Amino acid sequence: MKWRQAAAGADIIMLDNMDVDTMKQAIEIIDGRAKTECSGNVTRENIEKLTSIGVDYISSGALTHSAPIMDISMKNMRPI
């Protein structure tokens with residue numbers, strides 16, 4: 014009964030916060046019936062291992078979690 018998303022016609026299945034062994038098992042069960050994307054705990058140190066297990070996409074919030082913000086709204090615009 015696991016992974017019904019692939020049987021239901023999902024285009025992509027998110028493998029979120031899984032350890033590598035669980036992701037491998039999920040990819041085997043999905044068996045190419047949907048694209049896979051892993052996220053959660055993705056770091057520079059483990060990204061190579063994640064790419065080797067066969068996921069189609071990798072997301073990493075670490076790229077934006079520490080990024081400084083910049084107000085680019087137009088609320089402070091004044092006519093010249």
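Each residue of the sequence shown is one higher than the last, beginning at 14 in the numbering used here.
Every residue gets a Cβ at the ideal spot worked out from N, C-alpha and C, and that includes glycine.
Remember, predicted model here, so these are calculated numbers, not experimental data.
- Across which residues does DSSP place residue 52 in a beta bridge pair? 29
- Task: Determine which residues share a DSSP beta bridge with residue 71 and list them.
- Result: 51
- Query: To the nearest whole angstrom, what separates the beta carbons of residue 33 and residue 66, a pair I think is in contact under 8 angstroms?
  - Reply: That pair is a contact at about 6 angstroms.
- Beta-carbon spacing of residue 69, residue 37 below 7 angstroms: Not a contact, by the Cβ cut-off of 7 angstroms.
- Item | residue 61 versus residue 83: straight-line alpha-carbon distance, rounded | 31 angstroms
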